[in-house]
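I have placed the structure first, in the form of structure tokens, so that the comments after it can refer back to it.
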Amino acid sequence: MRKSPAICILLVLLVACRPAEGEAGATGVAIQNVGSDTIVNLALAWAETYQAMRPDVRIAVTGGGSGTGIAGLVNGTVDIANGSRQMKPEEVDAARANNITPVEHVIARDAIAVVVHPSNPVNRLTLQQLSDIYSGRITDWSEVGGENRSIVLLSRESNSGTHVYFLEQVVRLGDKHGTTLFSPDTLLMPSSEGISAEVRQNPNGIGYDGLGYVTPDQKTVAVAADPGGPYVLPSIETVNSGAYPIARDLYMYTAGEPQGTIADYLAWIRSSEGQVIVGELGFVPLSSVDW
Amino acid sequence: MKRTSLSEYLIERFIRVTGVSVILFLALIFLFLLREGGATFFEVPLRDLLRTRWYPNEGHFGLLPLVMGSLLVTVGAAVISLPLGLLTAVFVAEVAPRWVREILKPFIEVLAGIPSVVLGFLGMLVVSPLIREHLGAPTGLTALSGSLMLGYMALPTIISVAEDALDAVPKSYRDAALALGATRWQTIWRVTVPAARSGILTAMMLGVGRAIGETMAVMMVTGNAARLPLTLNSFLMPVRTMTATIAAEMGEVAQGSTHYHILFAIGLVLFLVTFVVDLVASWTLFRQGRRYGRLLS
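Line by line, the protein sequences are chains Y and X. Mapping of the first sequence onto my numbering: position 128 corresponds to residue 128, and the numbering continues sequentially without gaps. Mapping of the second sequence onto my numbering: position 20 corresponds to residue 20, and the numbering continues sequentially without gaps.
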């Protein structure tokens with residue numbers, strides 16, 4: 001009978017746990033929020049602030065890439081999928097096949113910054129030059145006004161929404177039927193940190209990542225849409241005005257029109273209160289919220 | 001009396017089941033890989049699998065860069081770790097004085113316990129900048145960095161197992177060799193090491209096996225560029241290995257898609273490579289064993 005105190009404690013803990021879980025299950029306020037690594041910090045900040053305001057709501061935020069979140073939504077294991085890209089038609093079809101109608105919500109804007117080593121003399125590039133660099137047609141910095149060094153291409157892994165967006169918008173210059181690919185020499189880094197670590201220490205490197213991930217020890221390059229056009233550095237103003245050419249909307253997807261707590265949460269995200277957090281994390285707040 | 005024989009019977013049975021289950025699990029893993037990955041060979045023509053471009057998002061399923069990448073990194077790791085591991089084992093088992101040996105052995109075993117992600121960080125932040133600055137590579141995230149990390153990871157396994165094998169060689173062999181007038185050097189290389197060759201080969205197989213299958217450290221230091229490494233300077237260029245490809249892409253694929261099947265097919269290739277390497281090793285050993293057996297009798 002010496003074990004009985006331990007068993008008592010265990011029982012008390014079990015009893016203490018149960019009502020809380022029961023509540024969460026009953027009112028459906030445990031929200032699974034999975035997806036884009038670009039959005040994960042933003043989603044975490046939103047979840048923390050919202051849970052502090054509404055202690056009855058539990059929001060579990062996980063990254064893994066836009067594809068991961070959307071796959072979860074399609075399989076029914078995720079309540080809100082974070083996407084740094086729109087769902088592909090085949091993903092929508094897969095969801096429909098599972099009797100799920102995905103609904104899209106724009107929740108913030110993001111600009112992709114092109115970064116190089118601080119010692120790199122190149123300050124500005126056109127989209128055409130970026131495309132040539134990343135598809136392997138330009139392989140030396142001297143061809144774009146830099147030093148005589150070979151270019152080391154850094155990219156996110158191909159499951160990253162940022163990767164897909166950069167391929168479509170920059171490497172293929174927005175041509176939907178383009179077949180240009182990243183050069184096979186492109187280093188695919190498993191994380192944003194991998195890219196910034198390499199750009200910080202390698203003077204040959206060029207990388208791209210969400211504006212929110214650029215640290216001051218990397219140099220951001222000004223980008224022009226056309227060879228003659230103005231070269232623009234990414235910032236909240238230039239993205240919302242549409243002057244910066246590599247910018248995009250960020251999405252959350254729900255299965256069907258959101259109901260109850262999830263609807264409240266999404267409404268709060270798009271309110272000025274939620275959008276303040278967007279600005280704090282280096283993303284671009286929505287200028288007009290049409291909820 | 002009856003009780004003893006019953007418990008003995010049960011224990012015998014239990015040991016037999018555990019022994020057989022190893023083969024059973026191996027067969028089940030193989031079947032699982034075949035079930036998930038086999039569809040690849042119906043969905044993608046073999047010709048396309050042998051192409052040189054890997055970009056699964058757009059249906060480019062050429063496996064050659066990945067297979068060659070794994071091969072390059074593993075061969076590099078073997079070249080670094082096999083001689084070093086064998087020599088260290090010989091030193092620890094045969095040459096080092098007792099007190100040095102008592103200190104070295106536990107340290108080598110601790111090395112085996114360092115998590116690979118920690119080694120990956122070390123490789124990314126320390127080894128790769130050194131390679132870029134001193135070997136003139138455009139980036140430090142290269143096949144060589146991967147080989148160095150893998151070689152380092154394989155070392156403790158190789159040393160421990162080889163050292164145990166050398167230790168198991170009967171003292172009478174050494175005494176006999178020395179009595180015949182052989183020097184210590186001759187005794188080690190002509191008698192002790194050949195006598196322990198089966199254990200040493202096992203050590204090498206385990207080490208190389210660890211190198212082929214290692215994922216995390218490789219993903220962090222090799223740069224993961226799916227380029228075909230054909231020239232000698234490929235060691236100073238980034239590569240993408242099979243394991244890193246599976247780890248990086250498995251999270252995102254839709255279940256049942258061609259990409260999903262092909263990742264399992266890569267697993268199948270890895271499994272077969274390891275299997276063949278082991279098979280060849282045991283076969284060589286078996287043949288050698290018979291020859292030596294005849295010589296001794």
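Glycine is no exception: its CB is placed at the ideal position from the N, C-alpha and C atoms. Nothing here was measured: the structure is a model prediction, and the numbers come from that model.
{"Asked": "Buried/exposed call for A252(X), threshold 16 Cβ in 10 Å", "Found": "According to the sequence shown, residue 252(X) is Glu rather than Ala. Counting Cβ neighbours within 10 Å, E252(X) comes out buried, since at least 16 surround it."}
{"Asked": "Amino acids of chain X, ordered along the chain, whose beta-carbon sits closer than 9 Å to that of E198(Y)", "Found": "M124, S128, T139, G140, L141, G223"}
{"Asked": "Bridge-paired residues (DSSP) for I59(Y)", "Found": "I31(Y)"}
{"Asked": "F107(X), buried or exposed, once every other Cβ within 10 Å from all chains shown has been counted against 16", "Found": "exposed"}
{"Asked": "Spatial distance of A168(X) from A196(X) (CA atoms)", "Found": "8 Å"}
{"Asked": "Cα-Cα separation, T74(X) to L155(X)", "Found": "13 Å"}
{"Asked": "Start-to-end residues for the beta strand (DSSP E) that takes in E294(Y)", "Found": "An answer regarding residue 294(Y) cannot be provided, because it is not within the stretch 1 to 291 covered by chain Y."}
{"Asked": "Test: D175(Y) CB closer than 8 Å to a CB of chain X", "Found": "no"}
{"Asked": "Those residues which DSSP pairs with P102(Y) across a bridge", "Found": "A255(Y)"}
{"Asked": "Local conformation of L211(Y) per DSSP, three classes", "Found": "helix"}
{"Asked": "Euclidean distance between Cα positions of I200(X) and G63(Y)", "Found": "44 Å"}
{"Asked": "Opening and closing residue of the alpha helix (DSSP H) in which T157(X) lies", "Found": "143 to 167"}
{"Asked": "Inter-residue CB distance, G361(Y) and T38(Y) (contact presumed, cutoff 8 Å)", "Found": "With chain Y running from 1 to 291 in the structure shown, residue 361(Y) is simply not present."}
{"Asked": "For D110(Y): DSSP bridge partner residues", "Found": "R248(Y)"}
{"Asked": "Cα-Cα separation, E157(Y) to G67(Y)", "Found": "12 Å"}
{"Asked": "Identified DSSP bridge partners for H60(X)", "Found": "Y55(X)"}
{"Asked": "C-beta neighbour in chain X for G161(Y), strict 8 Å", "Found": "no"}
{"Asked": "For S150(Y), three-class secondary structure by DSSP", "Found": "strand"}
{"Asked": "Beta carbon of L187(Y) nearer than 8 Å to that of S135(Y)", "Found": "no"}
{"Asked": "CB of M153(X) within 8 Å of CB of R210(X), strictly", "Found": "yes"}
{"Asked": "CB contact check: M78(Y) to chain X, cutoff 8 Å", "Found": "The residue you asked about is not Met; residue 78(Y) is Val in the sequence shown. So no, V78(Y) is outside the interface."}
{"Asked": "From F30(X), V92(X), A248(X), T202(X), residue whose alpha carbon lies closest to that of M219(X)", "Found": "A248(X)"}
{"Asked": "Chain-ordered chain X contacts of L181(Y) [CB-CB under 8 Å]", "Found": "R53, Y55, E58, H60"}
{"Asked": "Positions along the region 112 to 141 of chain Y whose CB lies within less than 8 Å of some CB in chain X", "Found": "none"}
{"Asked": "Sequence-distant residues of the same chain with beta carbon closer than 7 Å to G210(Y), five excluded per side", "Found": "T38, D110, I112, T162"}
{"Asked": "I29(X) versus V280(X): straight-line alpha-carbon distance, rounded", "Found": "21 Å"}
{"Asked": "Amino acids of chain Y, ordered along the chain, whose beta-carbon sits closer than 7 Å to that of R227(X)", "Found": "P184, D185"}
{"Asked": "Listed by chain order, chain X residues near V152(Y) by CB distance under 7 Å", "Found": "P138, T139"}
{"Asked": "Within-8 Å CB hit, A254(X) to chain Y", "Found": "yes"}
{"Asked": "Residue-chain proximity (A265(X), chain Y), Cβ-Cβ < 8 Å", "Found": "no"}
{"Asked": "Given 8 Å, three or more beta-carbon pairs between the region 165 to 184 of chain X and the region 89 to 109 of chain X", "Found": "yes"}
{"Asked": "Positions along the region 62 to 90 of chain Y whose CB lies within less than 7 Å of some CB in chain X", "Found": "G64, G65, G67, T68, A71"}
{"Asked": "Identity of the residue in A217(X), L50(X), V20(X) nearest A77(X) by Cα", "Found": "A217(X)"}
{"Asked": "Contact list for the region 33 to 55 of chain Y against chain X, Cβ threshold 9 Å", "Found": "none"}
{"Asked": "One or two residues paired with I224(Y) in a DSSP bridge", "Found": "The question names Ile, yet the displayed sequence has Ala at residue 224(Y). Partner(s): T126(Y)."}
{"Asked": "Chain Y within 8 Å of M219(X), Cβ atoms only", "Found": "yes"}
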